[in-house]
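Here the structure is laid out as structure tokens; the discussion comes afterwards.
Number of protein chains: 2
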Amino acid sequence: MISSSKTRLEECTVEVLIRPYTPADWPILWPVLETTFAQGDTYAFPTDWTAEETQKAWIVVPLATFVAVSEDNQLVGTYYIKANQMGNGAHTANCGYVVPAAFAGQGIATRLCKHSQQEARRLGFLAMQFNFVVATNTRAVALWQHLGFQIVGTVPRAFQHPQHGLVAAYVMHKWLADPPQQP
Amino acid sequence: MISSSKTRLEECTVEVLIRPYTPADWPILWPVLETTFAQGDTYAFPTDWTAEETQKAWIVVPLATFVAVSEDNQLVGTYYIKANQMGNGAHTANCGYVVPAAFAGQGIATRLCKHSQQEARRLGFLAMQFNFVVATNTRAVALWQHLGFQIVGTVPRAFQHPQHGLVAAYVMHKWLADPPQQP
Numbered sequence: 001m002i003s004s005s006k007t008r009l010e011e012c013t014v015e016v017l018i019r020p021y022t023p024a025d026w027p028i029l030w031p032v033l034e035t036t037f038a039q040g041d042t043y044a045f046p047t048d049w050t051a052e053e054t055q056k057a058w059i060v061v062p063l064a065t066f067v068a069v070s071e072d073n074q075l076v077g078t079y080y081i082k083a084n085q086m087g088n089g090a091h092t093a094n095c096g097y098v099v100p101a102a103f104a105g106q107g108i109a110t111r112l113c114k115h116s117q118q119e120a121r122r123l124g125f126l127a128m129q130f131n132f133v134v135a136t137n138t139r140a141v142a143l144w145q146h147l148g149f150q151i152v153g154t155v156p157r158a159f160q161h162p163q164h165g166l167v168a169a170y171v172m173h174k175w176l177a178d179p180p181q182q183p
Numbered sequence: 001m002i003s004s005s006k007t008r009l010e011e012c013t014v015e016v017l018i019r020p021y022t023p024a025d026w027p028i029l030w031p032v033l034e035t036t037f038a039q040g041d042t043y044a045f046p047t048d049w050t051a052e053e054t055q056k057a058w059i060v061v062p063l064a065t066f067v068a069v070s071e072d073n074q075l076v077g078t079y080y081i082k083a084n085q086m087g088n089g090a091h092t093a094n095c096g097y098v099v100p101a102a103f104a105g106q107g108i109a110t111r112l113c114k115h116s117q118q119e120a121r122r123l124g125f126l127a128m129q130f131n132f133v134v135a136t137n138t139r140a141v142a143l144w145q146h147l148g149f150q151i152v153g154t155v156p157r158a159f160q161h162p163q164h165g166l167v168a169a170y171v172m173h174k175w176l177a178d179p180p181q182q183p
């Protein structure tokens, strides 16, 4: 999923470098995540999460976390990647993306998602799944569809949106291995 | 989801007591869970999980865990209940169920699932969701449908079944609050 509602379906218009997260990024990353999750309209995370809890979810638990930085070294995005399930379901990756509102609409989420798909393949994943794309986050839904993801499930009344009340959440999926296998 | 492939869609034919798990149950519960997960055909858990890892997933992380015991005090089933998401998705419960193969086909899973729905309502949940019902587990799928769950998503090739290869997994959902709300 993606946090910004302003993202356009276009290529990235700013020069960004996507690189692995390092602990030195945390003082800049934490306020970005804190602000995003506190809004409570895109992620099913507690809106009052502490730095420690957020770090656990975004940094510690995932296999890897990346940050996107601009030419003038501003943090303009981040994503994590992990296995969506364990055991015999571990071949499907799961990612979460955040772009600060100030940098929305510049194609950064597109860059992050494309990067994450490459990273997923490199790590040996065969597919990628988003479990909980809030239906009102229409820009994110359209962006993921534009990047090859399909809505494979619709969970009714899954999310208590702070403005819209109970809204659906989508399960979205893309097969990454080549060629797609049947069924 | 449910571990047994033999469960019939019938009412429970044995007298069972469903009660909260206590630590004294672990020496009996652990081999049941170990055997179930080692088969690797119903749950996306590591097939070689340790007792500690299994206990964390089945006992520590969930809100509550229950066991079903027969009149002669045998452990004939277990389930956990927890929130399926955090934050603004925390109104939907998630459960996992296991019935030992020796006690399959006696309606115990039905009892467990009905009990878990009552428990979910008591805990204030508005709905229940199963994220990963392996499509080849047709008895479980039919049982959950019989108990009012709907398939709201189908994730293709989500599970590497030890006999059948890559098979789909269903997302199943039931609204528990009364009356069902729209949309």
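Protein chains in written order, with UniProt numbering: chain A, 1 to 183; chain B, 1 to 183.
Note that CB positions come from ideal geometry on N, CA and C, so glycine has one too.
None of the values given here were measured: they were computed from a predicted structure.
- CA-CA distance, A/L112 to A/L147, rounds to 11 Å.
- Counting only the Cα atoms, B/I28 lies some 36 Å from A/F132.
- Burial state of B/H91 is buried, judged by a 10 Å Cβ sphere holding 16 or more other Cβ atoms.
- For A/W175, the nearest CB of chain B lies under 8 Å from its own CB, placing it at the interface with that chain.
- If you look at B/I59, you'll find it isn't in any beta strand (DSSP E); DSSP assigns it neither H nor E.
- Chain-order list of chain A residues neighbouring B/F132: Q85, G89, by C-beta distance under 7 Å.
- The three-state secondary structure of B/A104, taken from DSSP, is coil.
- For B/A140, the enclosing alpha helix (DSSP H) begins and ends at 138-146.
- Going by DSSP, A/L29 is part of the alpha helix (DSSP H) stretching over 26-39.
- Under DSSP, B/K174 takes part in a beta bridge, and its partners are B/M128.
- CA-to-CA, the gap between A/H161 and B/F130 works out to about 21 Å.
- If you check each beta-carbon in the segment 120-147 of chain A against every beta-carbon of chain B, the ones closer than 9 Å belong to L126, A127, Q129, N131, F132, V134.
- Taking C-beta separations shorter than 8 Å and ignoring five residues to either side along the sequence, the partners of B/V32 in its chain run L75, T78, V98, P100, following chain order.
- With a threshold of 8 Å between beta carbons, B/G96 makes no contact with chain A.
- A straight-line Cα-Cα distance of about 31 Å links A/F103 and A/P156.
- Taken atom to atom, the span from the alpha-carbon of B/V167 to that of B/F45 is near 16 Å.
- Closer than 8 Å to the CB of B/T54 there is not a single CB belonging to chain A.
- At a cut-off of 8 Å, the C-beta of A/Q160 has a neighbouring C-beta in chain B.
- At least one CB of chain B lies nearer than 8 Å to the CB of A/P46.
- With respect to B/F66, B/I108 sits apart: the two C-beta atoms are not nearer than 8 Å.
- Between A/T154 and chain B, the shortest Cβ-Cβ separation is below 8 Å.
- Using beta-carbon distances, B/T92 counts as an interface residue toward chain A, with a partner under 8 Å.
- For the segment 9-43 of chain A, the residues whose beta carbon sits under 9 Å from a beta carbon of chain B are, in order, F37, G40, D41, Y43.
- Classified as buried, A/D25 has 16 or more neighbouring CB atoms from the shown chains inside 10 Å of its CB.
- For B/Y79, the enclosing beta strand (DSSP E) covers residues 75-83.
- Ranked by Cα distance from B/A135, the first of B/V152, B/L63, B/V16 is B/V152.
- Between B/V60 and chain A, the shortest Cβ-Cβ separation is not below 8 Å.
- According to DSSP, A/A169 shares a beta bridge with A/V134, A/V155.
- Burial check for A/H173: the Cβ neighbour count within 10 Å reaches 16 or more, so the residue is buried.
- At least 8 Å separates the CB of B/V67 from every CB of chain A.
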